[in-house]
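Participant: Heads up: the sequence shown runs through residues 323 to 723, numbered per our numbering. Could you have a look at this structure, given as structure tokens, before my questions?
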Amino acid sequence: MNKNKKIELMAPVGNIPMLVAACKAGADAVYFGVNDFTMRAGKRNFKISDLPKIKKICDSYPRKPKMYLVMNTIIYDQELKKLESTIKKVKGKVDAIICWDLAVIEFCKKHKVPFFISTQASIANTLSAKFYKKLGAKRVVLARELNLKQVKEIMKIKGLEVEVFIHGAMCVSVSGRCFTSQFLYNKSANRGECFQPCRRSYFIKEEGLGHELTLEGSKVMSAKDLCVLPFVEELKKIGVHSFKIEGRNRDSRYVDAVVRVYREAIDTKLTKERTIELMKELEGVYNRGFSSGFFLGKPLPSDFSQVDSSASEIEKVFVGKVIKFYPKVGAITIKLVSELQEGDRIIIIGDDIGIKEVVASEMEINNKKVVKGIKSQEIGVKMPFKVARGAEVYKLKKRSS
């Protein structure tokens with residue numbers, strides 16, 4: 323039971339700009355993976371050597387976000403030595419490890435590293451939650467397949483923190499335990515390599531004559547994103563300890579917007595009008611449409627998405643990278659890879675600033691004022707804040723239908 327009623331807001335981070343964005347937006351904690359043993363394998367991970375830098379960034383913000391390391395894949399025998407070595411290396415450098423494989427739990431206990439139980443364990447009842455508590459878990463991340471009443475029942479367990487996902491992608495399988503990607507592409511979702519076959523379109527082909535039948539709503543397995551904002555007060559009343567945002571494979575703009583929205587939702591009681599305004603902000607960043615997940619009942623056919631990528635009306639287009647900053651005049655030079663016009667809304671993403679949005683103005687090429695720049699040109703743009711070389715620049719535009 324959450325006696326002090328303080329709810330932790332936990333953000334996903336896959337790189338330094340996402341981390342800075344999460345800290346600035348008001349996250350109480352961040353979760354991330356290192357190169358191995360994480361359900362988001364690939365480039366969106368940190369190295370163990372990055373942990374001091376992550377700690378320094380977190381501690382530089384008033385909330386001093388906690389750091390949770392995700393090690394939630396299945397583990398094989400040949401990996402046990404590397405697993406133990408990794409856990410020993412991160413001891414004292416993270417606040418907890420999120421895991422579910424008993425090998426990870428054993429090593430966490432052996433080396434006295436705090437651990438939480440991942441949603442991959444599909445904890446859906448009080449007996450399962452108590453079992454992991456006896457093993458030494460401080461917190462359990464509940465299965466996504468629970469309604470509010472079931473969450474409330476598990477909250478009655480004393481001395482055990484409860485965490486739930488509140489926003490982001492929903493897997494069509496049970497808490498992400500799926501074998502379709504392995505079967506089709508030899509890329510195991512249970513090893514963090516999911517190729518997301520559920521997000522693709524399908525048709526039926528008759529075996530004999532080869533007749534094809536397109537399915538109405540061809541994305542038959544692509545679930546809409548979870549969003550609890552419309553009923554967040556009900557979840558707050560239950561007393562859940564931590565609200566978790568999904569999205570380590572998304573971007574800084576997504577993290578910034580979603581954390582800011584739920585920060586306000588946690589700290590204040592939203593009016594109906596303000597909820598509508600904040601929903602617009604969530605709709606403005608990457609999403610597949612929104613549903614209540616399982617919280618208000620089992621999903622319906624309308625809770626499946628038919629969008630190809632994002633349902634957001636706004637898309638970001640890569641413009642180029644910053645190659646120089648001029649502090650005296652407050653301007654940057656961008657090496658363009660696509661067109662940029664005066665008046666375009668642009669976002670700058672970098673390790674030092676996280677994410678910031680400005681309007682492109684006072685543009686120059688070779689000391690001559692211009693209103694447009696094209697691919698391969700180097701263009702100067704007025705910039706009211708310091709930007710490091712290598713920062714990425716994107717323009718925001720209305721998504722073409």
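Quick reminder that beta carbons are idealized off the backbone N, C-alpha and C, glycines included. On a predicted model such as this, the values are computed, not experimentally measured, just so you know.
1. Could you please give the first and the last residue of the uninterrupted alpha helix (DSSP H) stretch that includes Ser-407?
2. Return the residue from the list Ala-451, Ser-444, Leu-405 that minimises the CA-CA distance to Cys-430.
3. Please return the same chain residues whose Cβ sits closer than 6 Å to the Cβ of Asp-625, not counting the five positions on each side in sequence.
4. Let me check one thing: in DSSP terms, what residues is Ser-631 bridge-paired to?
5. Where in the stretch 410-435 do unbroken runs of the alpha helix (DSSP H), each at least 4 residues long, occur, reported from the N-terminal end onward?
6. Grouping DSSP H, G and I as helix and E and B as strand, with all else coil, what is Gln-518?
7. When the Cα atoms are used, what is the spatial distance from Asn-689 to Gly-702?
8. From what residue to what residue does the alpha helix (DSSP H) around Glu-603 run?
9. Extract the residue ranges of the alpha helix (DSSP H) inside the stretch 471-510, only unbroken runs of 4 or more that lie entirely within it.
10. If the criterion is Cβ atoms closer than 7 Å, does the pair Val-463 and Tyr-454 meet it?
11. Can you give me the Cβ contacts of Val-725 inside the same chain, cut-off strictly under 7 Å, excluding the 5 residues immediately before and after it?
12. Consult DSSP for Met-340 and reduce its assignment to one of helix, strand or coil.
13. I need the DSSP call for Phe-359, collapsed to helix, strand or coil.
14. Do three or more CB pairs link the stretch 667-679 to the stretch 699-717 at distances below 8 Å?
15. Under 8 Å, with one C-beta from each stretch per pair, do the stretch 340-349 and the stretch 566-577 reach the 3-pair mark?
16. Between Arg-466, Lys-478, Lys-646, which has its C-alpha nearest Ala-491's C-alpha?
17. Considering only C-alpha positions, which residue in the set Gly-652, Ile-439, Val-629, Lys-717 is nearest to Ile-762?
18. With DSSP as the reference, label Thr-590 as helix, strand or coil.
19. For the candidate residues His-433, Ile-654, Phe-565, Asn-512, whose alpha-carbon lies nearest to that of Lys-410?
20. From this set, Asn-469, Leu-449, Ser-444, Phe-368, which residue's C-alpha is nearest Gly-619's C-alpha?
21. To the nearest angstrom, how far is the alpha carbon of Gly-665 from that of Val-629?
22. I believe Gly-615 touches Ala-633 by the beta-carbon criterion, under 8 Å. Please report the beta-carbon distance rounded to the nearest angstrom.
23. Flag this pair as yes or no: are the beta carbons of Val-580 and Val-486 separated by less than 7 Å?
24. Quick one: measure Cβ to Cβ for Val-681 and Arg-667, integer angstroms, because I've assumed they're closer than 8 Å.
25. Classify Lys-460 as helix, strand or coil using the three-state DSSP reduction.
26. Using C-beta distances below 7 Å, list every residue in its chain close to Trp-422, excluding the 5 sequence neighbours before and after it, in chain order.
27. What is the residue span of the beta strand (DSSP E) that Leu-373 lies within?
28. Can you tell me the Cα-Cα spacing of Arg-582 and Val-352, whole angstroms?
29. Do Phe-517 and Ser-503 have their C-beta atoms closer together than 7 Å?
30. Leaving out five residues on either side along the sequence, give the residues of the same chain with a beta carbon under 7 Å from the beta carbon of Glu-475.
Facilitator: To lay it out plainly:
1. For Ser-407, the uninterrupted alpha helix (DSSP H) run begins and ends at 402-412, by DSSP.
2. When C-alpha distances from Cys-430 are compared across Ala-451, Ser-444, Leu-405, the shortest belongs to Leu-405.
3. For Asp-625, the CB contacts under 6 Å within the same chain, skipping 5 residues up- and downstream, are Lys-546, Ser-613 in chain order.
4. DSSP lists no partner for Ser-631.
5. Within the stretch 410-435, the complete alpha helix (DSSP H) runs of at least 4 residues are 424-432.
6. Gln-518 sits in coil when the DSSP states are folded into three classes, being neither helix nor strand.
7. Within the model, the alpha-carbon separation for Asn-689 versus Gly-702 is close to 8 Å.
8. Counting along the chain, the unbroken alpha helix (DSSP H) around Glu-603 starts and ends at 594-605.
9. Runs of the alpha helix (DSSP H) inside the stretch 471-510: 502-507.
10. No.
11. Lying before the first or after the last residue shown, residue 725 is absent from the chain, which here runs from 323 to 723.
12. Met-340 falls in the helix class under three-state DSSP.
13. Phe-359: coil per DSSP, three-state reduction.
14. Yes: at least three Cβ pairs fall under 8 Å.
15. Between the stretch 340-349 and the stretch 566-577 there are three or more C-beta pairs closer than 8 Å, enough to call the two in contact.
16. Cα-wise, what sits closest to Ala-491 is Arg-466.
17. No information on residue 762 is available, as it lies outside the stretch 323 to 723 that the chain covers here.
18. It is coil, neither helix nor strand.
19. The shortest Cα separation from Lys-410 among His-433, Ile-654, Phe-565, Asn-512 belongs to His-433.
20. Checking every option, the nearest Cα to that of Gly-619 belongs to Asn-469.
21. Looking at the two C-alpha atoms, the distance is approximately 29 Å.
22. That pair is no contact at about 16 Å.
23. Not a contact, by the Cβ cut-off of 7 Å.
24. Confirmed, Cβ separation roughly 6 Å.
25. Correct three-state label for Lys-460: coil.
26. If we look at Trp-422 and ignore the five residues flanking it on each side, its Cβ neighbours are Asn-394, Ile-439, Ser-440, Gln-442, Ala-443.
27. Here Leu-373 belongs to no beta strand (DSSP E); instead the alpha helix (DSSP H) covers 373-381.
28. So the two alpha carbons sit approximately 14 Å from each other.
29. The Cβ atoms of Phe-517 and Ser-503 sit closer than 7 Å to each other.
30. Only Thr-448 meet the Cβ criterion.
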